[in-house]
Amino acid sequence: MPAATTIKDVARRARCSIASVSRVVNDSGPVSGPLRQRIAAAVAELDFSPSEVGRSLALKRSRTIGVLVPSVTNPVFADCLAGLQDAARRAGHAVLIAQSNYEAGREAEAIAPLIAERPAGLVLTVCDPASSEARRRAAAAGIPTVLLFNEPAPAVGTEIDVEANAGGGAVVTVDNRGAGRELAAAVLARGHRRLAFVAGRFESSDRARARFEGFRDALTAAGLPVAPPIEIDFLDGADHIDLTEVLARLQPTAIVASNDLLAIGVMAALRRHGLAVPQDVSVAGFDGIAIGRLIAPSLATVEWPARAMGTAAAAMLLDLVGPRGGKPTAARTLRLPHLIRPGGTLADAPVTSCLPLETSP
Numbered sequence: 019m020p021a022a023t024t025i026k027d028v029a030r031r032a033r034c035s036i037a038s039v040s041r042v043v044n045d046s047g048p049v050s051g052p053l054r055q056r057i058a059a060a061v062a063e064l065d066f067s068p069s070e071v072g073r074s075l076a077l078k079r080s081r082t083i084g085v086l087v088p089s090v091t092n093p094v095f096a097d098c099l100a101g102l103q104d105a106a107r108r109a110g111h112a113v114l115i116a117q118s119n120y121e122a123g124r125e126a127e128a129i130a131p132l133i134a135e136r137p138a139g140l141v142l143t144v145c146d147p148a149s150s151e152a153r154r155r156a157a158a159a160g161i162p163t164v165l166l167f168n169e170p171a172p173a174v175g176t177e178i179d180v181e182a183n184a185g186g187g188a189v190v191t192v193d194n195r196g197a198g199r200e201l202a203a204a205v206l207a208r209g210h211r212r213l214a215f216v217a218g219r220f221e222s223s224d225r226a227r228a229r230f231e232g233f234r235d236a237l238t239a240a241g242l243p244v245a246p247p248i249e250i251d252f253l254d255g256a257d258h259i260d261l262t263e264v265l266a267r268l269q270p271t272a273i274v275a276s277n278d279l280l281a282i283g284v285m286a287a288l289r290r291h292g293l294a295v296p297q298d299v300s301v302a303g304f305d306g307i308a309i310g311r312l313i314a315p316s317l318a319t320v321e322w323p324a325r326a327m328g329t330a331a332a333a334m335l336l337d338l339v340g341p342r343g344g345k346p347t348a349a350r351t352l353r354l355p356h357l358i359r360p361g362g363t364l365a366d367a368p369v370t371s372c373l374p375l376e377t378s379p
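Going by the numbering used here, the first residue of the sequence shown is number 19, and it counts up by one from there.
Structure below.
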């Protein structure tokens, strides 16, 4: 069993004296701003004395909200951040943003500097909230936290159990599984019977996993076989989707992707095989990003109010850190509505099978 982290370990990591660490942890004396940040980061990284960390960092919190998202370039998260920043600014809070690149290991690394800023609270979108080290560290530091887009999960550590009946932490999300079921049903209603599902790696996104589960529910209810999902990397996988094997094996007439960026990547991959969308293969995605309306044909997708979700996450967090001292004033699992947005990429199933596979030069 590894030895417990000591105050000496923290001092060594922060490159300072033990006395300085003690002053920061116990809030017992003056320490310069840069050194205080270094010590707080070391405390978070080494997971030193969670109870002491929670007590010290709970004092003199900044008017800052820390935000961790998988990617700042994905339009759905960019829209969330816009809504969150506007709401935070109106409440007199600044926003600090970090991204994890859809890597669970990087989440813990990315959250350390956010914790070091002693934020009023954190908004997190993590790979898997049930096992998230970043979420556990935030709870150990006593920082109020709201999950965004994640599936509801039990509260961890000192995280406020804001829904006693469900035993879960605060979350603003959508019905990912229900949306997957509804989108698959919409595809089936167009006569498609051979469907494939392309997703980012499930270990990187509980959202993608839940959407596939809904997709599977719909196909199972229709008495259809469910092929294993095609899992690829989120960040650069969309540019290099290889459908050769799945097209040869399944000859799908429709492909559902776990987000719109992947759906657009699927369309490009189909074109490389000489296949037309939707004449040969229909395509649909999730998120409802604006670019999906601008491409031709327009993308069929599940749309959710990403900007409003960011606004709601900020409001929920500000309520948690408000004058009631962390006691929420309302239920804290908020699911915003979604809708199926028709698009030109979804058409009736073709009478014949896919065209012969020909890779463009």
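Just so you know, even glycine gets a beta-carbon here, dropped at the ideal spot from N, CA and C.
- Annotation for Glu249: the continuous beta strand (DSSP E) segment containing it runs 248-250.
- Counting C-beta atoms within 10 angstroms of its own C-beta, Val141 has 16 or more neighbours from the protein chains shown and is therefore classed as buried.
- Straight across, the Cα-Cα distance linking Thr23 with Ala138 is about 26 Å.
- Where Ala112 is concerned, the enclosing beta strand (DSSP E) starts and stops at 112-117.
- Put simply, of Asp337, Asn277, Leu206 the residue whose alpha carbon is nearest the alpha carbon of Glu321 is Asn277.
- Counting along the chain, the unbroken beta strand (DSSP E) around Phe304 starts and ends at 300-305.
- In the DSSP assignment, Gly362 falls outside any beta strand (DSSP E) and carries neither an H nor an E.
- Rounded to whole angstroms, the gap between the alpha carbons of Ser35 and Ala60 is 13 Å.
- In the structure shown, Thr163 falls within a strand segment according to DSSP collapsed to helix, strand and coil.
- In the DSSP assignment, Gly292 forms no beta bridge with any residue.
- Distance from the CA of Ser38 to the CA of Pro131, rounded to the nearest whole angstrom, comes to 19 Å.
- In the DSSP assignment, Ile259 falls outside any alpha helix (DSSP H), carrying neither H nor E.
- Assigned with DSSP and collapsed to three states, Arg107 falls in helix.
- In this structure Asp260 is in contact with Ala287, their Cβ atoms being roughly 7 Å apart against a cut-off of 8 Å.
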